[in-house]
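Q: Just so you know, we're using the numbering used here here: the sequence shown kicks off at 284 and counts up by one.
The beta carbon of each residue, even a glycine, is placed where N, CA and C say it ideally should be.
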Amino acid sequence: MNRNWRGSLPAFIAVLALQSLYASGQVQNQNNPNQSKPNIIFILTDDQRWDALGYAGNKLAYTPEMDKLAAAGVYFSHAMVTTPICTASRASLLSGLHERTHRFTFQTGPMREEYMSQSYPKVLKENGYYTGFFGKFGVKYEKKERLFDQYEDYDRSGKYKDHRGYFYKTLHGDTVHLTRYTGEKALDFIKSAPTDKPFCLSLSFSAPHAHDPAPDQYFWEKSEDHLYQDQTMPPPELADDTYFSALPEPVRKGFNRTRWHWRYDTPEKYQHSIKGYYRMIAGVDREIAKIRAELKRKNLDKNTIIILMGDNGYFLGERQLAGKWLMYDNSIRVPLIIFDPRQKQHRDVKEMALNIDVPATILDYAQVSRPQTWHGRSLVPLATGKSKAMGRDTVLIEHLWETENIPPSEGVRTNEWKYLRYVNNKSTEELYNLASDPKEINNLAQHERYGAVLTKLRTELNQLTHRFSDAYGKAPEALVISKSRGAQGENMQYNWTLAPRFGKQTAYQILVSSSKQKSDNNLGDVWDSGCVKSERPLGKVPNGEPALVPTAKYYWKVRVWDQENRLSDYSEGVQFASQ
């Protein structure tokens, strides 16, 4: 005991007890209100689909620690991402915005500064939180020091075409799996975090993402070798040719099929890949157990909220597909768990929770107001039982990345229905009654009986895409055609004006359609220019193309790319006659 202590022994013990309560967050320190706020750890896995979790009823998944979090916390059984691909989903998680607004994909320039300046780690840091990040950031942004007090951005290394894609980081002189490396970084952060302010640690595991450049695809730590060693994994659902043949042609010929050949097209590949997938999830689970043990050792476990989510869903051979990207539930549904040790009552929640809700939820727990521009809502009322429903009936889902062999698509989902279509051919529509057909087998889009439902959901999708389309991506305006006659006939020049906030045009695409319906469906059945590099807001049609029938009526529309390769919306179709 300190000899300078002048009070009584009971008073001294009381002070020690009060200090302990301050440290645990159970009592607010009036001199430092931030100490009463909870610590927050947000764990994001890569390609972990909603049911790749023991708590979800999957007997293959070895996830004891995740299951404990779900059993003691709040489990969102119908959580989903608004865009089923890692980079756009992560941009939405940071910004609280739909892809339709932030328009960030693999091939665009950096995220707009105005969106990142309101990202959840930036807002937390500005409001007294000590912030950290380790793992796959997945979004182009060069000013991460503005977001985090500590960070390291890394992912699988594409320069290695074998196991080294996952085994290239070292700890204490030993090369370790990225999962182990991320776990160790988390432990170091917890040990070194200041004690006079709360922290928010964001962990982005690369697992269980396949290492695409390698023939073996999946790599895990030796500690998971024993899992499934003498087990034959069951075949995927919907594996019959019938389900593959029912898919639209761009999907059948796209990357979902290509990657199926990489991972699942022989029994040997399938067994290796499925076991690898679940072993890598088990590796993440092992690191979560270590993190929780360290929180307990530091006496932080009773005031640290843990949020676990996947960045997108995943096909494990269903419909003879691999990967994500599509609007089916395999692709968009993810695990979501919120464990708040201060909340003693467990809940299973069926409401549609979205990835864009996570940043609003984090700020709500931190007692910080969310930016009004965000699209997501806080899940705290549901997690605490203060609210039984979100009042959310219809959600927008989309994958807008324009790249070869992945057809961009969009849709809406309700608790009962799913409607989806393909951006470059909106006449290809699918409608599923999720209540009676949760596996999305029976496409009702062509059934006259469901015409009213189809029309309603189509209208809601149009309204949502318009609502969430940002000002920078507005379609070109003031479309006009100028004509002249040359030696080879009539020459057509298509002209437009860029929307006020669009920026600098770098390319365009013109569609000429034979009817308004085809134009509305983005079908350039008469002529499709493709992506044409040009900084000028005009397009010249090659001589003799398209061959227009004299006096016939046509429609044309245009969309443009900006200096960061971000794509605008299509303009409305404008009618014209060839003469």
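Compare the C-alpha of F417 against each of P404, G411, N410 and name the closest.
A: P404
Q: Between the segment 603–620 and the segment 356–363, do three or more beta carbon pairs fall short of 8 Å?
A: yes
Q: Please report the Cβ distance between Q500 and S556, rounded to the nearest whole angstrom; I am assuming they are in contact, meaning their Cβ atoms lie under 8 Å.
A: Right, the Cβ-Cβ distance comes to about 6 Å (below 8 Å), so this counts as a contact.
Q: So, are the CB atoms of T370 and G421 less than 8 Å apart?
A: yes
Q: Distance check for A529 and L727, CA to CA, integer angstroms please.
A: 13 Å
Q: Could you please give the first and the last residue of the uninterrupted alpha helix (DSSP H) stretch that includes K647?
A: Lys is not the amino acid found at residue 647; the sequence shown has Asp there. Counting along the chain, the alpha helix (DSSP H) containing D647 begins and ends at 640–648.
Q: Within its chain, find whatever has a CB closer than 6 Å to the CB of T414; leave out the 5 residues flanking it on each side and keep chain order.
A: P404, L407, K408, F431, D432, C483
Q: So, helix, strand or coil for A728, using DSSP?
A: Coil at A728, not helix or strand.
Q: Under 8 Å, do Y553 and Y561 count as touching if we go by C-beta distance?
A: In this structure, Y561 does not lie closer than 8 Å to Y553 by Cβ.
Q: Count the CB pairs spanning the segment 692–706 and the segment 385–405 that are closer than 8 Å, and state whether there are at least three.
A: no
Q: Short check: CB of A752 to CB of R395, under 8 Å?
A: Residue identity differs from the one stated: residue 752 is Ser in this sequence, not Ala. No, the pair does not count as a contact, with Cβ atoms beyond the cut-off.
Q: Does the segment 735–742 come within contact of the segment 711–719, defined as at least 3 CB pairs closer than 8 Å?
A: yes
Q: Quick check on the burial criterion: 16 or more other C-beta atoms within 10 angstroms. Buried or exposed for F389?
A: exposed
Q: Give every residue of the same chain whose Cβ lies closer than 6 Å to the Cβ of Y511, excluding the five residues on either side of it in the sequence, and list them in chain order.
A: K558
Q: Give the straight-line distance between the Cα atoms of E504 and G566, rounded to the nearest whole angstrom.
A: 7 Å
Q: Helix, strand or coil: which one does DSSP assign to T478?
A: coil
Q: Which residues mark the beginning and the end of the alpha helix (DSSP H) in which S375 is found?
A: 369–378
Q: Is DSSP giving D436 helix, strand or coil here?
A: strand
Q: Candidates V824, E428, H494, D471: which alpha carbon is nearest H446's?
A: H494
Q: Assuming L407 is part of the alpha helix (DSSP H), what are its boundary residues?
A: 403–409
Q: Under the rule that 16 or more other beta-carbon atoms within 10 Å means buried, what is N314, buried or exposed?
A: With a pLDDT of only 43 at N314, under the threshold of 50, the placement of this residue in the model should not be trusted; the figure read from the coordinates follows. The residue in question, N314, is exposed, as its Cβ has fewer than 16 Cβ neighbours within 10 Å.
Q: Within the same chain, show all residues whose beta-carbon is closer than 6 Å to that of R542, passing over the 5 residues directly before and after it, in chain order.
A: A605, G606
Q: Look at A497 and K444 and say whether their C-beta atoms are less than 8 Å apart.
A: yes
Q: Using a Cβ-Cβ cut-off of 8 Å (strictly less than) and excluding sequence neighbours within five positions of E760, which residues of its own chain qualify?
A: W779, T780, L781, A782, S854
Q: Three-state secondary structure (DSSP) at L744?
A: helix
Q: How is the beta strand (DSSP E) around Y705 delimited, first residue to last?
A: 700–705
Q: Which residue wins for smallest C-alpha separation from P624, given the options Y611, V632, A353, D329?
A: A353
Q: Taking 8 Å as the threshold (C-beta atoms), are W700 and Y777 in contact?
A: no
Q: Just grab the DSSP bridge partners of M363 for me.
A: R616, L637
Q: Kindly indicate which three-state DSSP category Y611 falls into: helix, strand or coil?
A: coil
Q: Rounding to the nearest angstrom, what Cα-Cα distance links K320 and E570 in this structure?
A: 25 Å
Q: What do you reckon, are the CB atoms on K757 and S851 nearer than 8 Å?
A: With respect to S851, K757 sits close: the two C-beta atoms are nearer than 8 Å.
Q: If we ignore side chains and look at the alpha-carbon of each, how far apart do Y755 and F785 end up?
A: Each residue's Cα considered, the two are about 5 Å apart.
Q: Take the Cβ of P367 as the centre, count every other Cβ of all protein chains shown within 10 Å, and call the residue buried at 16 or more, exposed below.
A: buried
Q: According to the Cβ coordinates, are N613 and G596 closer than 8 Å?
A: Yes, they are a contact pair.
Q: Under a Cβ-count criterion, where at least 16 other Cβ atoms within 10 Å of its own Cβ denotes burial, should H682 be classed as buried or exposed?
A: Result: buried.
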